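Chemist: With my numbering applied, the sequence shown covers 2 to 777.
Note that CB positions come from ideal geometry on N, CA and C, so glycine has one too.
Source: prediction; values computed, not measured.
What follows is a single structure, and I will ask about it in a moment.
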Amino acid sequence: MWSFRGWGGSSQQEEQAQNDVQQQQQPQEEEEEDDDEDDEYEEDEDPEETRFIERMLADVNNFGISFSQLDQRNEGDALRLLGWACKSKAAPDVINKIGDRCTDLSAWSLFRLPALQIAVQNGHLSGVKEMLRMGADVNSMSGEHIMSTALHEAVGSRSLALVKPLLRQDELEVDVLNRAGQTPLYLCVGNAIEPDEEDIEIVYADMAVALIKRGADVNKGSPHDPNETPLLLALRSQKCIILAQMLKLGKKPPAPVVEMCMKHLEGSKGNEAVLELLENAGWGRSAPDDARTETAERSRDINEVLRAVPPTGSEHPSTGNPVPDQTYTLHDAVRSGNLSAVEGLLSTVRNVNAVGADGGTALHLAATIGRDDIVEALIRTTGILVDKVDNHKRTALFRAVSANHVEAVKTLLKAGASCNDRDRFGYTPLQQAVKRPAGAIMEALLDAGASPGLGGEQGFTPLHNACEYDAPGTVEALLRAKALPGHCWNKSLQTPLLVACKRGNLGAVRLLLPHLSERQVNMRSSSDSGAETPLSAAITCEPPKMEIVDIVEALLKNGADPHMQTSGNGVSAIFTALILKPEGVAVDRIAAHPTIGPRVVRALVAGGADINDMTFASAYSPLHVACIEGACAEVIQELLDLGADLDVPCVSANSLAPLHLAAGFGGNLGAIRLLMGLPNSGGLNAVAPPPNDRVTILYLAVQNNMTEVVRFLLEEGADMDMMPNEDDGTLSKSSMIEYAAFAGSLDSMNLLIQAKMFKDEAEEKQRKEKAGTAGA
Numbered sequence: 002m003w004s005f006r007g008w009g010g011s012s013q014q015e016e017q018a019q020n021d022v023q024q025q026q027q028p029q030e031e032e033e034e035d036d037d038e039d040d041e042y043e044e045d046e047d048p049e050e051t052r053f054i055e056r057m058l059a060d061v062n063n064f065g066i067s068f069s070q071l072d073q074r075n076e077g078d079a080l081r082l083l084g085w086a087c088k089s090k091a092a093p094d095v096i097n098k099i100g101d102r103c104t105d106l107s108a109w110s111l112f113r114l115p116a117l118q119i120a121v122q123n124g125h126l127s128g129v130k131e132m133l134r135m136g137a138d139v140n141s142m143s144g145e146h147i148m149s150t151a152l153h154e155a156v157g158s159r160s161l162a163l164v165k166p167l168l169r170q171d172e173l174e175v176d177v178l179n180r181a182g183q184t185p186l187y188l189c190v191g192n193a194i195e196p197d198e199e200d201i202e203i204v205y206a207d208m209a210v211a212l213i214k215r216g217a218d219v220n221k222g223s224p225h226d227p228n229e230t231p232l233l234l235a236l237r238s239q240k241c242i243i244l245a246q247m248l249k250l251g252k253k254p255p256a257p258v259v260e261m262c263m264k265h266l267e268g269s270k271g272n273e274a275v276l277e278l279l280e281n282a283g284w285g286r287s288a289p290d291d292a293r294t295e296t297a298e299r300s301r302d303i304n305e306v307l308r309a310v311p312p313t314g315s316e317h318p319s320t321g322n323p324v325p326d327q328t329y330t331l332h333d334a335v336r337s338g339n340l341s342a343v344e345g346l347l348s349t350v351r352n353v354n355a356v357g358a359d360g361g362t363a364l365h366l367a368a369t370i371g372r373d374d375i376v377e378a379l380i381r382t383t384g385i386l387v388d389k390v391d392n393h394k395r396t397a398l399f400r401a402v403s404a405n406h407v408e409a410v411k412t413l414l415k416a417g418a419s420c421n422d423r424d425r426f427g428y429t430p431l432q433q434a435v436k437r438p439a440g441a442i443m444e445a446l447l448d449a450g451a452s453p454g455l456g457g458e459q460g461f462t463p464l465h466n467a468c469e470y471d472a473p474g475t476v477e478a479l480l481r482a483k484a485l486p487g488h489c490w491n492k493s494l495q496t497p498l499l500v501a502c503k504r505g506n507l508g509a510v511r512l513l514l515p516h517l518s519e520r521q522v523n524m525r526s527s528s529d530s531g532a533e534t535p536l537s538a539a540i541t542c543e544p545p546k547m548e549i550v551d552i553v554e555a556l557l558k559n560g561a562d563p564h565m566q567t568s569g570n571g572v573s574a575i576f577t578a579l580i581l582k583p584e585g586v587a588v589d590r591i592a593a594h595p596t597i598g599p600r601v602v603r604a605l606v607a608g609g610a611d612i613n614d615m616t617f618a619s620a621y622s623p624l625h626v627a628c629i630e631g632a633c634a635e636v637i638q639e640l641l642d643l644g645a646d647l648d649v650p651c652v653s654a655n656s657l658a659p660l661h662l663a664a665g666f667g668g669n670l671g672a673i674r675l676l677m678g679l680p681n682s683g684g685l686n687a688v689a690p691p692p693n694d695r696v697t698i699l700y701l702a703v704q705n706n707m708t709e710v711v712r713f714l715l716e717e718g719a720d721m722d723m724m725p726n727e728d729d730g731t732l733s734k735s736s737m738i739e740y741a742a743f744a745g746s747l748d749s750m751n752l753l754i755q756a757k758m759f760k761d762e763a764e765e766k767q768r769k770e771k772a773g774t775a776g777a
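Following this line, the structure appears as structure tokens:
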């Protein structure tokens, strides 16, 4: 008997790919932490998610690409793979392997989130630590409507273990605001207001203590309402545990705020516990302001700060550890945002360009936290090196751009900071800017002479990045700055147009096409990356979206060739549109979509594609491929309406008809029902043409264990006694049930047994009724 094995790839290659994935997924012991909280934290393994990440990682091997070659692919593919690894709690070594191929670990990965935030959201503690160890930007913002950082997400997780690794980062901006104007500490207090959970305030009180000790300001207000502070929120909600810690560790708000709060509380009932806390903290209106007020703290003589630091080289009286050079005190002053302390220290420090553990100077740190006033004070200092680089060869300007601080960027540019210096990955500040939401930064860089044509280590230019991150406004600005979309390629020879098509970014495609010739519209990527054209890249966009139709039509209108084949599967555009889910791809493509699929097929045929093209594997028509791939009924109907020949057998599949291909391999019930209803299809018990003697659609469904198809056909009344003959004319098996057992289709066998029982009962009942009638 014949068998059908599908399109491509030997079983040995598939086994090797699976073996590679298993080796990559071997768990490794996590590094021990000094923090007991981290040691007690347990991560729940999700078997289904683990299998999913294995399939995602198998994508690398199924396309013939090893981890050592991953850096030759589109950077976005590596970033998305990194996101899935963090989401699915992959082992740290797997995250490390993928992360090594990502030039910017802080760029958006999945769901417009950086990979670090994805790890935090999914409670992947070892993944968070690994991302931080590799240099992920702890202050990077998500692209979602809320625009938050990893620290915001960690606070929302209720896990202090996830918060602590973030707090240990020197460059952390602990009071960063999300789009709603909330600091992590404000979220911490807000999350504690859970009326149905008794112990939740205790959890968040510990978290609040950690945040305040790291420098979180209890009086940090929202831009929308300066009085919407963490301290006042705790006071209003009467969260006494958190409030007590804030009063103990935080600074007292200005006198007018204190007076207003006391007046409000004393005039209301039920506030006795809160009032007692405030009175004990010196909030009584008759009590003098203590030394913890903001004014007193900022007006302290800087010499007192210096006198409190033991001489360099001596031992600290409490720890016994050597006291570092006083230039490190400058870093501390910058980190705390205390401008007065910074200005005082600048007159005494020996080396204003001294670096911390990450190689960054005080200027790097000020640029990272976005204090342009401190940046300006540092720039005015004699001997400051504006373009000094850290361990990643990043300047203060690069850091300010990465952290999305517009004013700090403008201050540095005004001071003459170089806007075309590359970091160790070859990226420029402009390439960082196009990935960030603040367009003013990009405009400032372009005005200062940033080159839109400089590519990173993998050849990605700012225009590539803008096309990938769906930023048509950025694309337009770069084109105005004389970026050349037809003359820039990454190392995989992907043009910005191909990148935009691959992501389904219609706005970018429309802006690029007027700048490209017909030859440039049809430019293919390298063979290592599948020799894709922009047209094939648009068709295979994942997940499918309606913009694909408009992109395909725009490409065809501007000279895209629908007959051009890719080396990835050696097929033209119409076949690419009908391949539902290649190996390693987790998302169904457009052939499964009842709206997008038919419209793309129609556009391709209108653009010159042959509806009866037989070039795929030398024997398959588009209709054959659609049936085998399980395309939806709407796509099948569109092919038929456009003139697909229903009577041409599939020679490479033993001359089977489209109905047999759909039932035996595709399994789309809607398509099977459609084909069964066509004239001359043979219907429910259609028999395949020679040499397939008596091969029915039920037989094929059983052979390939298409359980739902078997169920559907039996419910429709398919004849389970029709069995194919061998070449000598004898029956291959005595019954369909025996054949199902032979083929290993146990689910189908059970369905057939049930159907046989119902059939026998019905026949027995009919026989008795007939006998009774004859006797009468």
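Quick check on the burial criterion: 16 or more other C-beta atoms within 10 angstroms. Buried or exposed for S528?
Modeler: Your numbering for residue 528 matches position 527 in the sequence shown. Answer is exposed; the Cβ neighbour count stays below 16.
Chemist: Mark I99 as exposed unless 16 or more other C-beta atoms lie within 10 angstroms of its C-beta, in which case mark it buried.
Modeler: Indexing the sequence shown from 1 puts residue 99 at position 98. Label assigned to I99: buried.
Chemist: Could you check the C-alpha separation between S526 and A532 for me, to the nearest Å?
Modeler: The residue given as residue 526 occupies position 525 in the sequence shown. The residue given as residue 532 occupies position 531 in the sequence shown. If I take the Cα positions, the gap works out to 5 Å.
Chemist: For the stretch 163-172 against the stretch 380-397, do three or more pairs of beta-carbon atoms, one drawn from each stretch, fall closer than 8 Å, so that the two count as touching?
Modeler: The stretch 163-172, when compared against the stretch 380-397, does not touch it at the 8 Å Cβ threshold.
Chemist: Do you know offhand how far I442's Cα is from G371's?
Modeler: Start at 1 with the first residue of the sequence shown, and residue 442 comes out as number 441. Start at 1 with the first residue of the sequence shown, and residue 371 comes out as number 370. Cα to Cα, I442 sits roughly 13 Å from G371.
Chemist: Establish whether the CB of V156 and some CB of chain D are separated by less than 8 Å.
Modeler: Any reference to chain D falls outside this structure, which holds one protein chain only.
Chemist: To the nearest angstrom, how far is the alpha carbon of L641 from that of G667?
Modeler: Position 640 of the sequence shown, counted from the first residue, corresponds to residue 641. Position 666 of the sequence shown, counted from the first residue, corresponds to residue 667. Distance between the alpha carbons of L641 and G667: 17 Å.
Chemist: Could you say which of L186, A634, Q246 lies nearest to L783 if we only look at CA atoms?
Modeler: With the chain covering only 2 through 777, there is no way to say anything about residue 783.
Chemist: Would you identify the three-state DSSP class for F713, choosing helix, strand or coil?
Modeler: The residue labelled residue 713 in the question sits at position 712 within the sequence shown. Of the three classes helix, strand and coil, the one that applies to F713 here is helix, per DSSP.
Chemist: Suppose you measure from the CA of P463 to the CA of S107; what does that come to, to the nearest Å?
Modeler: In the sequence shown, the residue the question calls residue 463 occupies position 462. In the sequence shown, the residue the question calls residue 107 occupies position 106. Distance between the alpha carbons of P463 and S107: 16 Å.
Chemist: For Y621, which three-state DSSP category applies?
Modeler: Locating residue 621 in the sequence shown gives position 620, where the first residue counts as 1. Note: Y621 maps to strand in three-state DSSP.
Chemist: By how many angstroms is the C-alpha of L714 removed from the C-alpha of L685?
Modeler: As a first step, residue 685 is located in the sequence shown; it is residue number 684 there, counting from the start. As a first step, residue 714 is located in the sequence shown; it is residue number 713 there, counting from the start. Roughly 7 Å separates the two Cα atoms.
Chemist: My assumption, with CB atoms under 8 Å, is that L126 sits in contact with S141. Please give the rounded CB distance.
Modeler: Position 125 of the sequence shown, counted from the first residue, corresponds to residue 126. Position 140 of the sequence shown, counted from the first residue, corresponds to residue 141. About 19 Å; that fails the 8 Å criterion.
Chemist: Sorted by chain position, which residues of the same chain lie with C-beta nearer than 7 Å to P650's C-beta, five sequence neighbours on each side aside?
Modeler: On the sequence shown, residue 650 is found 649 positions in, with the first residue counted as 1. Here the set comprises S656, L657, A658, P690.
Chemist: Kindly indicate which three-state DSSP category C262 falls into: helix, strand or coil?
Modeler: Reading the sequence shown from its first residue, position 261 is the one you call residue 262. In this structure, C262 counts as helix in the three-state DSSP scheme.
Chemist: Roughly how many angstroms lie between the CA atoms of R215 and A342, to the nearest whole one?
Modeler: On the sequence shown, position 214 is the one that residue 215 refers to. On the sequence shown, position 341 is the one that residue 342 refers to. Straight-line Cα distance between these residues: approximately 18 Å.
Chemist: Whole alpha helix (DSSP H) runs in the stretch 526-583 with 4 or more residues, listed along the chain?
Modeler: Listed in chain order, the complete alpha helix (DSSP H) runs (minimum 4 residues) inside the stretch 526-583 are 535-540, 548-558, 574-579.
Chemist: Taking the Cβ atom as the reference point for each residue, do N179 and M208 lie within a distance shorter than 8 Å?
Modeler: Taking the first residue of the sequence shown as 1, we reach residue 179 at position 178. Taking the first residue of the sequence shown as 1, we reach residue 208 at position 207. The answer is no: Cβ separation not under 8 Å.
Chemist: Please report the distance separating the alpha-carbon of C189 from that of Y205.
Modeler: In the sequence shown, counting from the first residue as 1, residue 189 sits at position 188. In the sequence shown, counting from the first residue as 1, residue 205 sits at position 204. Their backbone Cα atoms lie some 6 Å apart in a straight line.
Chemist: Below 6 Å CB to CB, which residues in the same chain sit around H406 once its five sequence neighbours on both sides are set aside?
Modeler: Here residue 406 is taken as the residue at index 405 of the sequence shown, counted from 1. G371.
Chemist: Take D551 and list the residues in its own chain whose beta-carbon comes closer than 6 Å to its own, dropping the five residues that flank it on each side.
Modeler: Within the sequence shown, the letter at position 550 stands for residue 551. So the list reads L507, once near-sequence residues are dropped.
Chemist: Give every residue of the same chain whose Cβ lies closer than 8 Å to the Cβ of L514, excluding the five residues on either side of it in the sequence, and list them in chain order.
Modeler: Sequence index remark: in the sequence shown, residue 514 carries index 513 (1-based). Cβ within range, chain order: L498, V522, A555, L556, N559.
Chemist: Considering just the uninterrupted stretch of the alpha helix (DSSP H) at S403, what are its terminal residues?
Modeler: Position 402 of the sequence shown, counting from 1, holds the residue named residue 403. Taken as a continuous stretch (DSSP letters only), the alpha helix (DSSP H) holding S403 covers 397-403.
Chemist: If we ignore side chains and look at the alpha-carbon of each, how far apart do P453 and Y470 end up?
Modeler: The residue given as residue 453 occupies position 452 in the sequence shown. The residue given as residue 470 occupies position 469 in the sequence shown. Between P453 and Y470, the C-alpha separation is close to 16 Å.
Chemist: According to DSSP, what are the bridge partners of P115?
Modeler: The residue given as residue 115 occupies position 114 in the sequence shown. DSSP lists W109 as partners of P115.
Chemist: Inspect the beta-carbon positions of K389 and T362 and report whether they are closer than 8 Å.
Modeler: For the purposes of this step, residue 389 is identified with residue 388 of the sequence shown, where counting begins at 1. For the purposes of this step, residue 362 is identified with residue 361 of the sequence shown, where counting begins at 1. Contact: yes.
Chemist: Could you name the residues of the same chain whose beta carbon sits closer than 8 Å to that of K436, not counting the 5 residues immediately before and after it, in chain order?
Modeler: The residue you call residue 436 lines up with position 435 of the sequence shown. For K436, where only same-chain residues beyond five positions count, the Cβ hits under 8 Å are D105, A108, W109, N466, Y470.
Chemist: Extract the residue ranges of the alpha helix (DSSP H) inside the stretch 182-245, only unbroken runs of 4 or more that lie entirely within it.
Modeler: You should have 185-192, 201-214, 231-237.
Chemist: For C633, collect the residues of the same chain with a Cβ closer than 8 Å to its Cβ; drop the 5 residues on either side in sequence, then sort them by chain order.
Modeler: As a working mapping, residue 633 is identified with position 632 in the sequence shown. A592, A593, H594, P595, G598, N669, G671, A672, listed in sequence order.
Chemist: With DSSP as the reference, label D483 as helix, strand or coil.
Modeler: For this step, residue 483 is matched to residue 482 along the sequence shown. Sequence inspection shows Lys at residue 483; the Asp mentioned does not correspond to that position. If DSSP states are grouped into helix, strand and coil, K483 belongs with coil.
Chemist: Restricting to Cα atoms, I'd like to know which of D333, A445, G222, Q239 is closest to V258.
Modeler: Within the sequence shown, residue 258 is the residue found at index 257, counting from 1. Nearest option by C-alpha distance: G222.
Chemist: How many Å lie between I375 and N354 at the Cα?
Modeler: Taking the first residue of the sequence shown as position 1, residue 375 is located at position 374. Taking the first residue of the sequence shown as position 1, residue 354 is located at position 353. Each residue's Cα considered, the two are about 14 Å apart.
Chemist: Buried or exposed: which applies to Q767, given that a residue is buried once 16 or more other Cβ atoms fall within 10 Å of its Cβ?
Modeler: In the sequence shown, the residue the question calls residue 767 occupies position 766. The residue in question, Q767, is exposed, as its Cβ has fewer than 16 Cβ neighbours within 10 Å.
Chemist: Express the C-alpha separation of D391 and G456 in angstroms, rounding to a whole number.
Modeler: Your numbering for residue 456 matches position 455 in the sequence shown. Your numbering for residue 391 matches position 390 in the sequence shown. Roughly 21 Å between the two C-alpha positions.
Chemist: My assumption, with CB atoms under 8 Å, is that P473 sits in contact with H516. Please give the rounded CB distance.
Modeler: Residue mapping note: residue 473 aligns to position 472 of the sequence shown, counting from 1. Residue mapping note: residue 516 aligns to position 515 of the sequence shown, counting from 1. That pair is no contact at about 14 Å.
Chemist: Thinking E630 and L579 are a contact (beta carbons under 8 Å), I'd like their distance in whole angstroms, please.
Modeler: Counted from its first residue, the sequence shown places residue 630 at position 629. Counted from its first residue, the sequence shown places residue 579 at position 578. 6 Å between Cβ atoms; contact.
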